[in-house]
Ligand SMILES: Nc1ncnc2c1ncn2[C@@H]1O[C@H](COP(=O)(O)OP(=O)(O)O)[C@@H](O)[C@H]1O
Ligand SMILES: [Mg+2]
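Chains as they are written, first to last, in the working numbering: chain A, 519 to 812; chain B, 19 to 297.
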C-alpha cells in the first residue's frame, strides 16, 4: 500500500510552485528597495550638483557668493583630518589590539574590557564630540584646530579599529607562532616578524573602513565648533579647518536663504562620495590582494 | 584478522636492525635528555605521569601509543613549548645536556636554538622559500647576506629539497606540495644548527611517497642530530628508530631498544598494542 496519494500531490503542486515563485519575488523586492533608494539619492545629488563640480569649484576658496565659492579648503581639511586619524588609530588601536589579543591574560578583566570596547563602538558620535570638546579643545587648550578634531574622531573610531585588528590578529594560525617560538624566537620577534605581517592586510582593511566612517562625520565637529566660513587653507595640523561634511551641513542649513547653496551642497556631496568610494575601493583591493589564505 | 596481526609481527621481526655490536655501542651512548619523575597537568587533567626516559646522542627515539596518550605533550615538554598553554603545570625534572630546563631562570630561547621542532602539519611561514629558511638565523642576529645564502643552501641540501627549489627560492612557500612543505620545515629547523630535532608525527598528513622520502631523510639526519619522533605508525617506529617508548594514558609502559620492544615486549599491554589488538 502507498502512503502518498499521487493525485493529491498533483493537486497541491501548482500552489507549491506559486508559493515558491512568490517568495523569490518578495526577497527580490527587499533587495531592490535599498537599491532604489540609493539610486534616487544619487540621482537627486547628481542633478542638483553635477553642473557645479568644475575646476574652479574644486580649487577655489570658500565664499558667501555662491558663484565664486570653492571647496579646496574643505578638501584639505578633510585630508589633514584623515592623516591625524590614521596615525592615531594605527598606533593606539593596533597597540591595544596586540596587548589584548597577545599579552593580556584571558580572565574576567579582559572580558570586561572586551565588552566595554564593543559598547564604545555603539556610543553616538555626538557624545565623542562633547568629550573631544572638553578634553582637547578646552582642557588641553588646543582650540578648534585639525589636531583637536582628529583626536576626537580618533576616539570615535578607535573601538572599530581595535576590534578589527584583534580579529585580524586572531586569524593568524597558532601553528605559525609555534614554528617561530620553536626556533628560539622571543615573543616580540614572533609578533613583529610573523604575526603582524600576516595580520596586516586585515588590520589595514579595518583601519581604512574606520577612516571612511571618520571623515564622513559631522556631529562631533559641530560640537567642537567649526566656524561656517574658514577662508584660509589649512597648512598643518595646528591650523583651523573645515571639512567636506561640515560644508555640506552649513550650505544645506542656509539653502533657504540662498537657493544656490543647495547646489553647492550637492556638489560637495559628490566630491565626498568619490573620496569615500576611493577609500573603500582601496580597502577591498588590499583585502583581496594581500589577505592570506592559511 | 589474525592473519594481519601475524603479518605485522613478521614485518617487524625481520627488520635487520641492531646487531650485538651496535647494542654495545648504544649502551655507551652519551645522554642528551634525562627525564626523571616528570608529571604534567592541564588544569585537573593529569596528562603525563612519572615519566622516566633518556634520549641518547645521535639516535632516533620513537614515541608510540594511541592518540590522546600524551605523546605530543611529552614532546612539547622537551622544548618547553607546552608552556604556551596557560593551564599547564609540571613537576619533576628534565635535564638537557646536564642543565635543568624546567628551572625558572633557564632561558627557553636558548634551549630552542639547540632543539629544533617539526610539527604534525607542515607550517611554513607565508613568506618566500628563502625567507622561511633564513628566519631562524635572522632572529639570532645573522645579517650577513653571504652567510645567510650559505645557510639556506646547506639546509635545503641537507633536507634533500635543494634541487627541487633552487630556481624558485623567492617564490612563496605555500606553492610547494605538502611533502615539500614538510621538508622545508625540516630544513628550516636545520638552519638554526640544532643538536636535537623533535618531530611530532611529521608524516601523518602526507602521502606514502612523501612519507618514505621523509623517513629516508630522517635516517640521514641521524648522523648529525639526535632525533625524537612521535608516530602512531608502528611500522614507521620499527623501521627508523633505535629506541622506542610506548606511552599509554600518560604513562611510559615500556622503553627499550626498538628491536627488543617489538620482538620481545616485556609488558602485555605493549604486546597488545604492537600486535594491533587495540589503539
Ligand atoms: N591544550 C590542552 N588543554 C587541555 N588538555 C589537553 C590539551 N592538549 C592535550 N590535552 C590532553 O592531554 C592528553 C594528551 O594529549 P596529547 O599529548 O595531544 O596526546 P597525543 O599526542 O598522544 O595524541 C589528552 O587527554 C588531551 O585531551
Ligand atoms: Mg599528538
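Beta carbons are placed, not taken as given, at the ideal position from N, Cα and C, and that holds for glycine.
All figures in this text were calculated on a predicted structure; none of them were measured in a lab.
Residue i, DSSP secondary structure in three states
| i | result |
| --- | --- |
| residue 536 of chain A | helix |
| residue 619 of chain A | helix |
| residue 732 of chain A | helix |
| residue 196 of chain B | helix |
| residue 523 of chain A | coil |
| residue 80 of chain B | strand |
| residue 157 of chain B | helix |
| residue 167 of chain B | helix |
| residue 781 of chain A | helix |
| residue 42 of chain B | Low per-residue confidence applies at residue 42 of chain B: pLDDT is 47, beneath 50, and the placement is therefore not dependable enough to give any value. |
| residue 151 of chain B | helix |
| residue 114 of chain B | strand |
| residue 74 of chain B | strand |
| residue 210 of chain B | coil |
| residue 758 of chain A | strand |
| residue 275 of chain B | strand |
| residue 663 of chain A | strand |
| residue 672 of chain A | helix |
| residue 679 of chain A | helix |
| residue 612 of chain A | helix |
| residue 587 of chain A | coil |
| residue 90 of chain B | helix |
Residue(s) in a DSSP beta bridge with residue i
| i | result |
| --- | --- |
| residue 265 of chain B | B:270 |
| residue 56 of chain B | B:69 |
| residue 134 of chain B | B:215 |
| residue 16 of chain B | Examination of residue 16 of chain B is not possible in this model, given that chain B is present from 19 through 297 alone. |
| residue 599 of chain A | Bridge partners of residue 599 of chain A: none, in fact. |
| residue 190 of chain B | B:146 |
| residue 768 of chain A | Looking at the DSSP assignment, residue 768 of chain A forms no beta bridge with any residue, so it has no partner. |
| residue 64 of chain B | B:59 |
| residue 51 of chain B | B:73 and B:114 |
| residue 246 of chain B | B:79 and B:216 |
heavy atom of ligand 2 below 7 Å from residue i C-beta
| i | result |
| --- | --- |
| residue 248 of chain B | yes |
| residue 219 of chain B | yes |
Contact belief for residue i with residue j at Cβ below 8 Å, rounded distance in angstroms
| i | j | result |
| --- | --- | --- |
| residue 687 of chain A | residue 620 of chain A | 7 Å |
| residue 292 of chain B | residue 283 of chain B | 6 Å |
| residue 602 of chain A | residue 755 of chain A | 6 Å |
| residue 597 of chain A | residue 671 of chain A | In fact, because the Cβ distance is near 13 Å, the residues do not count as touching under 8 Å. |
| residue 244 of chain B | residue 74 of chain B | 7 Å |
| residue 200 of chain B | residue 182 of chain B | With a Cβ gap of about 13 Å, residue 200 of chain B and residue 182 of chain B do not count as contacting. |
| residue 697 of chain A | residue 143 of chain B | 7 Å |
| residue 658 of chain A | residue 610 of chain A | About 16 Å; that fails the 8 Å criterion. |
| residue 177 of chain B | residue 223 of chain B | No, residue 177 of chain B and residue 223 of chain B are not in contact; Cβ-Cβ is about 17 Å, not under 8 Å. |
| residue 191 of chain B | residue 241 of chain B | Between residue 241 of chain B and residue 191 of chain B the Cβ distance is about 27 Å, and since that is not below 8 Å, they are no contact. |
Closer than 7 Å: residue i CB and nearest ligand 1 heavy atom
| i | result |
| --- | --- |
| residue 91 of chain B | yes |
| residue 617 of chain A | no |
| residue 760 of chain A | no |
| residue 593 of chain A | no |
| residue 693 of chain A | no |
| residue 223 of chain B | no |
| residue 288 of chain B | no |
| residue 63 of chain B | yes |
| residue 82 of chain B | no |
| residue 522 of chain A | no |
| residue 60 of chain B | yes |
| residue 116 of chain B | no |
| residue 596 of chain A | no |
| residue 85 of chain B | yes |
| residue 88 of chain B | yes |
| residue 105 of chain B | yes |
Cβ of residue i within 8 Å of any chain D Cβ
| i | result |
| --- | --- |
| residue 693 of chain A | Protein chains in the displayed structure are A and B, and chain D is not among them. |
Near ligand 4: residue i beta-carbon under 7 Å from a heavy atom
| i | result |
| --- | --- |
| residue 229 of chain B | Ligands displayed in this structure: ligand 1 and ligand 2; ligand 4 is not among them. |
Legend entry - contact_flag[the stretch 163-172 of chain B, the stretch 94-108 of chain B] where n(CB pairs < 8 Å) is 3 or more: With the rule of 3 Cβ pairs closer than 8 Å, the stretch 163-172 of chain B does not count as touching the stretch 94-108 of chain B.
Inset, instruction - Evaluate the contact criterion for the stretch 723-734 of chain A versus the stretch 554-562 of chain A: three or more CB pairs, one atom per stretch, below 8 Å. - result: Cβ pair count under 8 Å is below three, so no.
Legend entry - Contact between the stretch 656-667 of chain A and the stretch 91-105 of chain B (3+ Cβ pairs under 8 Å): Verdict: no, contact absent.
Inset, instruction - Determine contact between the stretch 778-796 of chain A and the stretch 562-579 of chain A, defined as no fewer than three beta-carbon pairs at a distance below 8 Å. - result: Counting Cβ pairs under 8 Å, three or more are found: they touch.
Inset, instruction - Say whether the stretch 569-583 of chain A touches the stretch 626-646 of chain A, bearing in mind that this needs 3 or more beta-carbon pairs closer than 8 Å, one atom from each stretch. - result: no
Legend entry - the stretch 123-130 of chain B / the stretch 692-710 of chain A touching (three or more Cβ pairs under 8 Å): yes
Legend entry - Touching by the beta-carbon criterion (3+ pairs, under 8 Å), the stretch 736-749 of chain A and the stretch 580-598 of chain A: yes
Inset, instruction - Determine, using beta-carbon pairs with one atom in the stretch 610-624 of chain A and one in the stretch 786-796 of chain A, whether at least three such pairs fall under 8 Å. - result: no
Inset, instruction - Taking 8 Å as the threshold, find out whether the stretch 179-188 of chain B comes into contact with the stretch 144-151 of chain B through three or more Cβ pairs. - result: Taking a contact to require three or more Cβ pairs closer than 8 Å, the stretch 179-188 of chain B and the stretch 144-151 of chain B qualify as touching.
Inset, instruction - Pair every Cβ in the stretch 48-57 of chain B with every Cβ in the stretch 221-233 of chain B, then say whether three or more of these pairs are closer than 8 Å. - result: no
Inset, instruction - Would you be able to state if there are at least three C-beta pairs under 8 Å between the stretch 761-775 of chain A and the stretch 532-552 of chain A? - result: no
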